[in-house]
Each structure stands twice: as structure tokens, then as C-alpha cells.
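Chains as they are written, first to last, in this note's numbering: chain B, 1094 to 1293; chain U, 11 to 178.
No residue lacks a Cβ here, since even glycine has one placed at the ideal position from N, Cα and C.
For reference, the structure is listed below as C-alpha cells.
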Amino acid sequence: MIRHECLELLAKRVSDQLIVTSQSGQRIEWSHLSKHEGNLLVGMMGCAIGVATGLALALPHRKVIALDSDGSVLLSLFNLATLGNLQPKNLVIYVFDNGVYSGSRISYPTATSGNADLEAMARGAGIKNAQTIRTVEEFNKHGIGALTRNELAFFVCKVEESLLHREIPRPNTDLAENKYTFVRYLERTEEKTIPFVGRG
Amino acid sequence: MKDELAKRLVQGLKEAGINFVTYLPETRLSQIVPLIRDDPEMELVAVSSEQEAVTIAVGATLGGKQAAVYMENTGIYVSSYSLLVTGKQLGVPILLVVGFLGGVPDQRNSFLYATIGNHTIPVLQGLGIEYQLLENGERLEARIKDAVRAANALRAPYALLFAGEFSE
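This is how it looks when you write it as C-alpha cells:
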């Protein structure tokens, strides 16, 4: 299984969900597969789950999806303990775990290529619906299936390292443009004003 | 901090529109936690690290909340990465309510805190985060409101450093 196969399946199911991506090849692949205005392409590692959690708490009626990677989650393991207590029912997290720091260009192994088990860590932190997925069929059944359930879900998607993202054009929207597209989309679909945007 | 000052601090946050607070408790301002927790108009979110206190507050702000982060100034060091990449780089306003341990006006300063306090303002300046130092309750509500307005206008985090009477 490679990440792009999973993202293709997910892109077909996006309607009004809010999707927060971490930095990694998935950000490039997702921005290529989905032009959804509810995409927030957070540009750095270790922040996507936190931002997605804040969105999920602020908008409890809205499904929020976080796309993250093993290296990124390992930078912010405290998120698991916090989520285990908060239990936001509208948050689904997909961690694409290829066991390497692919962006390093030397594919240096992450801790998950050794003894670290993100599913076990998430369960230990109190996230009951933590599951490891190894095939596209499992991703489609369990991973995509979680979008219709009202429960915090944490999927560790074991993927082969893929360099497909290096063949795809990188997104040309900068962070501010992406942020404003995202909040204007929220203002429109939530029929409310986002306070900080303000008016000049 | 006297109970009355804690009440005014929380009331000032409310009057400034703050309705979502992430926090990791510390010693100087901790009386505000039960006051926020018991206020039905404010959502209080306990976290495990100041790094995620910032990212969760940023997400809530993007989702329409007016968010604050309550932390010790050591949390500025812990969260400097997320302050920079989600607060400054993405341009999202959050109010930082900071217990300023080890600063000169900290009434409980000691060798344990002085180094921490000595570097706080230079780090904020290095991150490009605007701040105010509050040592007493004079114009407290107005200063909190000014800080939230400035954060929104700047589209950036803004820090209020509490010491002096707040650290007694």
C-alpha cells in the first residue's frame, strides 16, 4: 500500500469535511488530489493534529480530518494523551507511517521502523479506536468507514515509502492565501463571521 | 494574587471576547483556572504541553473562537516552534496569558527562576511577538482588551506577561 492510493480513496469522499495536513509528501499529494476549500495545508511537522483538534472542538458538528506522518506524530506525542482525555468525536486522524524520514532524502529510519508502535501508544493514551491498517481494502473499509461514525478515530496506515510526491507539482498557494480561503469557506458554510478576520 | 485580582483578570478576558482557553497550569496565576472552568461562556481545555496549547488554540481561532493560551513563561520556550509556524507564519491571533516567573518584578523570584525570566522577553522579541508587562491591576480590563484587539489586527500571537501584584 502506498499513501497516494489511500488519499485517492479519501479524496472521493470529501464533501464538507475540514482537512488539516502536516508537512510531508502527503501535503503535496493531497493538494494535487483535492482542491477542496476546506483544506488547510499546515506547512510544518508536529502541528497538524493540534490544529485539527482545535478546529474539532470549535466546530463539534463538523467532521475534521488530520493527515499526518510517523515522523510528525513522533514530534508531538503529547497530542495522544490530550486526545485520549478530550475524545473529540468529530475527529479522524490518518497517520501515514512509512517508517522513514522521507524528506531527509536519505530515508533515515523513524522510531516506528524499530520498536515504536503508534497504535499501542494511542491506545495507551486512551484513544480506544486506534487501529493499524496495512492494505488498501482495510483503509477503504475501516479508514473511510470512520467518516460516517461519531467517534474519535486514529489510524496508523502502514505504507511503503513512495517518492511519487516528487513528481507532482508543489502547491502554489502560500500559507496566508490558503488560510483565508479556508476561513472564508468556513464563514460561508457556517454562516458566521470568524472574529479575527475582521474588516478593514 | 488576591482573589479579587484573579476575578478581574478572568472578567477582563471575557470582556475582551475570549471564549476558549487552553492551558498548562503554573504557580502565579493558577487561581484563574477554576474561575474559567466554572464559567459557562468559556471553554477550558487542559493540555499536556504548551506546544499543543498553541496549536489547539490556533485551530480553535480558525474555527471561529477567540482563543487564549494560559502558560508559565517556560512554556514560551517549549512552544516557540508552534508559535512561530502556526502563530506567526500562518498568521493566527491568539492571546498568551503568561505567568512571568523570574522576571525582575516577580515577587517570588529566586535562583530557580531568574535565568528563565531573564531570557523571556528576548525570546519573545526574537520570535517577533508583541507583549505587555502587567505588574498591577491598573487598567487591567482595558489592557487585556487592547491586547486582543492588537492580536487580531496583527494576525499574530500577543503576550501579556503577569508579574508584580499578580505574583504575590
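{"Asked": "Same chain only: Cβ atoms within 7 angstroms of Ala1149(B), ignoring 5 sequence neighbours per side", "Found": "Val1157, Pro1181, Asn1183, Leu1184"}
{"Asked": "Enclosing alpha helix (DSSP H) for Thr130(U) [first to last residue]", "Found": "124-137"}
{"Asked": "Whole-Å CB distance - Glu1240(B) paired with Arg1106(B), under 8 angstroms assumed", "Found": "Here residue 1240(B) turns out to be Leu, not Glu, going by the sequence shown. Yes, they are in contact, since the Cβ atoms of Leu1240(B) and Arg1106(B) sit about 6 angstroms apart, within 8 angstroms."}
{"Asked": "Residue range of the beta strand (DSSP E) that includes Ile1186(B)", "Found": "1184-1190"}
{"Asked": "Cα-Cα separation, Cys1099(B) to Met1138(B)", "Found": "20 angstroms"}
{"Asked": "Any non-hydrogen atom of the ligand HEM closer than 7 angstroms to Ile1226(B) Cβ", "Found": "The ligand HEM is absent from the structure shown, which contains no ligand whatsoever."}
{"Asked": "Nearest-angstrom Cα separation, counted from Gly69(U) out to Phe172(U)", "Found": "25 angstroms"}
{"Asked": "Ala26(U) at chain B interface by Cβ criterion, 8 angstroms", "Found": "no"}
{"Asked": "Cα-Cα separation, Ile1261(B) to Ile1121(B)", "Found": "7 angstroms"}
{"Asked": "Delimiting residues of the beta strand (DSSP E) encompassing Glu53(U)", "Found": "53-56"}
{"Asked": "Under the three-state DSSP convention, the category Cys1140(B) falls into", "Found": "coil"}
{"Asked": "Contact residues within the region 55-73 of chain U, judged by C-beta distance below 9 angstroms to chain B", "Found": "Val55, Ala56, Val57, Ser58, Ser59, Gln61, Glu62, Ala63, Val64, Thr65, Ile66, Ala67, Val68, Gly69, Ala70, Thr71, Leu72, Gly73"}
{"Asked": "Cβ-based contacts, 8 angstroms cut-off: residues of the region 1256-1284 of chain B near chain U", "Found": "Leu1268, Ala1269, Lys1272, Phe1275, Val1276, Leu1279, Glu1283"}
{"Asked": "Residue interval of the alpha helix (DSSP H) (run including Ala160(U))", "Found": "150-164"}
{"Asked": "Exposed unless 16 or more other CB atoms sit within 10 angstroms - verdict on His1154(B)", "Found": "exposed"}
{"Asked": "Ile46(U) classed as buried or exposed, judged by whether at least 16 other C-beta atoms fall within 10 angstroms", "Found": "buried"}
{"Asked": "Where Leu100(U) meets chain B, residues with beta-carbon distance less than 8 angstroms", "Found": "Val1135, Gly1136, Leu1268, Ala1269, Lys1272"}
{"Asked": "Alpha carbon of Pro1202(B) to alpha carbon of Val1193(B), nearest angstrom", "Found": "4 angstroms"}
{"Asked": "Within 9 angstroms of chain B by C-beta, residues of the region 27-41 of chain U in sequence order", "Found": "Gly27, Phe30, Thr32"}
{"Asked": "Inter-residue Cα distance where the pair is Gly1147(B) and Phe121(U)", "Found": "37 angstroms"}
{"Asked": "Chain U residues whose Cβ lies nearer than 8 angstroms to that of Leu1100(B)", "Found": "Ordered by position in chain U, no residue passes the 8 angstroms Cβ test against Leu1100(B), which lies about 21 angstroms from the chain."}
{"Asked": "DSSP state of Gln61(U) mapped onto helix, strand, coil", "Found": "helix"}
{"Asked": "Distance, Asp1161(B) Cα to Ile1142(B) Cα", "Found": "7 angstroms"}
{"Asked": "Contact under 8 angstroms by Cβ, Ala63(U) with Phe30(U)", "Found": "no"}
{"Asked": "Bounding residues of the beta strand (DSSP E) (the contiguous stretch that carries Asp1161(B))", "Found": "1157-1162"}
{"Asked": "Residues within the region 165-177 of chain U neighbouring chain B, beta-carbon criterion of under 8 angstroms", "Found": "Arg165"}
{"Asked": "Under the three-state DSSP convention, the category Glu1270(B) falls into", "Found": "helix"}
{"Asked": "Sequence-distant residues of its chain with Cβ nearer than 8 angstroms to Glu1254(B) (five each side left out)", "Found": "Asn1191, Gly1192, Val1193, Ser1195, Ser1200"}
{"Asked": "Straight-line Cα distance separating Ile1226(B) from Leu164(U)", "Found": "43 angstroms"}
{"Asked": "Closest residue to Glu82(U) among Pro35(U), Arg159(U), Glu140(U), Ile66(U) (Cα-Cα distance)", "Found": "Pro35(U)"}
{"Asked": "Coil, strand or helix - Pro1202(B) by DSSP", "Found": "strand"}
{"Asked": "Own chain residues within Cβ distance below 7 angstroms of Ala1223(B), not counting five before or after", "Found": "Glu1212, Ala1215, Arg1216, Phe1247"}
{"Asked": "Chain U contact residues for Val1229(B), given Cβ-Cβ distances below 7 angstroms", "Found": "Near Val1229(B) there are no residues of chain U at all, since even the closest Cβ is about 30 angstroms away, more than 7 angstroms."}
{"Asked": "The region 1162-1173 of chain B: positions lying closer than 7 angstroms to chain U by Cβ", "Found": "Ser1169, Phe1171, Asn1172"}
{"Asked": "Beta-carbon proximity list for Ala1104(B), same chain, < 7 angstroms, skipping 5 on both sides", "Found": "Leu1126, Ser1127"}
{"Asked": "Limits of the beta strand (DSSP E) - the one that Ile1112(B) falls within", "Found": "1111-1114"}
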